[in-house]
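Numbering (my numbering), first residue to last: 88 to 398. What follows is a single structure, written as structure tokens, with notes after it.
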């Protein structure tokens with residue numbers, strides 16, 4: 088592998104575009120596989136506004152979904168939403184070379200298993216993104232806060248692929264925390280995502296400020312986060328109760344932010360209900376942990392989907 092690895096991003100929406108920009112800034116070759124934004128990005132590149140400055144960039148190559156690459160990348164970064172009916176294994180098959188390292192920057196819990204089983208000889212890096220970033224138009228992304236990544240090998244460990252990729256992100260201006268236990272870190276991320284994302288949909292696309300400043304909002308969020316923490320502990324990943332305060336305090340410091348699930352709902356797109364919430368509830372049932380708030384959110388979202396003809 089060369090010192091500056093080649094990167095292919097499959098699913099270059101808000102998250103994929105943002106982290107692609109960071110890798111491009113670090114001097115990597117960055118190519119994108121796109122669906123709806125292909126024409127806009129091919130013509131104008133990716134335009135990104137950010138507190139970090141103008142992160143706009145021109146990808147080295149732009150592919151349509153279904154095209155074939157001229158050469159396999161060193162790292163294939165998968166950033167598509169984990170939705171029912173989306174065959175991620177088939178999606179990446181044309182792009183995986185013999186020595187390609189697969190990287191996931193996706194939300195949810197227990198989302199790596201099918202890919203690890205499909206590509207057992209390839210290293211699989213699982214990443215958690217802590218970034219407030221939104222796609223606001225074709226090929227146009229707005230980054231408002233944060234950007235840190237947590238990464239490690241699935242199921243556990245750190246290898247030279249993790250170290251090389253983290254170095255590129257850091258050279259591009261992003262802080263990266265390498266972890267030996269990435270599944271435990273996914274549980275930590277679920278404290279926020281599994282709590283705020285589904286509730287924002289139930290509240291008709293509410294932003295973080297509305298959720299936190301509505302009377303009873305903070306109390307409700309604390310109760311939901313506490314339930315996620317109890318499920319994680321039963322699954323072998325106990326966490327410090329102080330993380331409840333930390334999540335609440337960091338959310339209060341954010342600008343009014345509509346998370347990706349809220350934006351998907353508002354734009355009549357499918358939401359990552361099972362990956363973010365349903366899998367947590369399923370694990371709770373497996374361990375016999377009562378989760379009334381989580382279950383209420385899951386059932387309510389299923390009702391919404393049924394009314395919309397999405398289930």
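Where a beta carbon is used, it is the ideal one built from N, C-alpha and C, also for glycine.
- Collapsing the DSSP output to three states places residue 324 in coil.
- Of all alpha-carbon atoms in 225, 179 and 197, the one lying nearest the alpha-carbon of residue 205 is that of 179.
- Contact check for residue 233 and residue 217: beta-carbon distance about 5 Å, within the 8 Å limit, so the pair qualifies.
- For residue 383, the uninterrupted alpha helix (DSSP H) segment begins and ends at 379–394.
- The DSSP-derived three-state label of residue 183 is coil.
- Shown here, residue 375 sits in coil according to DSSP, grouped into three states, outside any helix or strand.
- Taking a C-beta distance under 8 Å as the contact criterion, residue 371 and residue 378 qualify as a contact pair.
- Counting C-beta pairs closer than 8 Å gives fewer than three between the region 242–255 and the region 119–126, which falls short of the contact rule.
- Within its own chain, the residues whose Cβ lies closer than 7 Å to the Cβ of residue 312, once the five positions on either side in sequence are excluded, are 278, 282, 331 and 334, listed in chain order.
- The shortest CA-to-CA distance from residue 197 to any of 154, 361, 183 and 96 is the one to 361.
- Counting only runs of at least 4 residues, the region 155–241 fully encloses the following alpha helix (DSSP H) elements, listed from N- to C-terminal order: 175–179 and 200–205.
- Per the Cβ contact rule, the region 291–310 is not in contact with the region 260–269 (fewer than 3 Cβ pairs under 8 Å).
- About 5 Å separates the beta carbons of residue 128 and residue 149, which is inside the 8 Å limit, making them a contact pair.
- Between the alpha carbons of residue 246 and residue 373 lies a gap of roughly 32 Å.
- Rounded to whole angstroms, the gap between the alpha carbons of residue 351 and residue 357 is 6 Å.
- The Cβ atoms of residue 348 and residue 359 lie closer than 8 Å to each other.
- Contact annotation: the region 172–190 touches the region 155–162, with at least three C-beta pairs closer than 8 Å.
- In this structure, the CA atom of residue 339 is about 26 Å from the CA atom of residue 104.
- For residue 150, the enclosing beta strand (DSSP E) stretches over residues 148–151.
- Our two residues, residue 120 and residue 215, have alpha carbons roughly 21 Å apart in a direct line.
- Here the C-alpha atom of residue 142 lies approximately 47 Å from the C-alpha atom of residue 375.
- For residue 246, no alpha helix (DSSP H) segment is defined, and its DSSP state is neither H nor E.
- Distance check between residue 235 and each of 280, 90, 385 and 109 places 109 closest, using alpha-carbon atoms only.
- Secondary structure note for residue 133: it is in no beta strand (DSSP E), with a DSSP letter that is neither H nor E.
- For residue 194, the closest alpha carbon among the candidates 273, 264 and 260 is that of 273.
- Residue state for residue 364 is assigned as helix, using DSSP reduced to three classes.
- Here the C-alpha atom of residue 200 lies approximately 15 Å from the C-alpha atom of residue 171.
- Taking the Cα of residue 306 as reference, the smallest distance to any Cα among 132, 380 and 345 is reached at 380.
- Given a length threshold of 3 residues, each whole run of the beta strand (DSSP E) inside the region 245–293 is given here in chain order: 263–265.
- Contact between residue 265 and residue 304 does not hold, since their C-beta atoms are separated by about 35 Å, which reaches or exceeds 8 Å.
- Residue environment for residue 237: buried (at least 16 other C-beta atoms within 10 angstroms of its C-beta).
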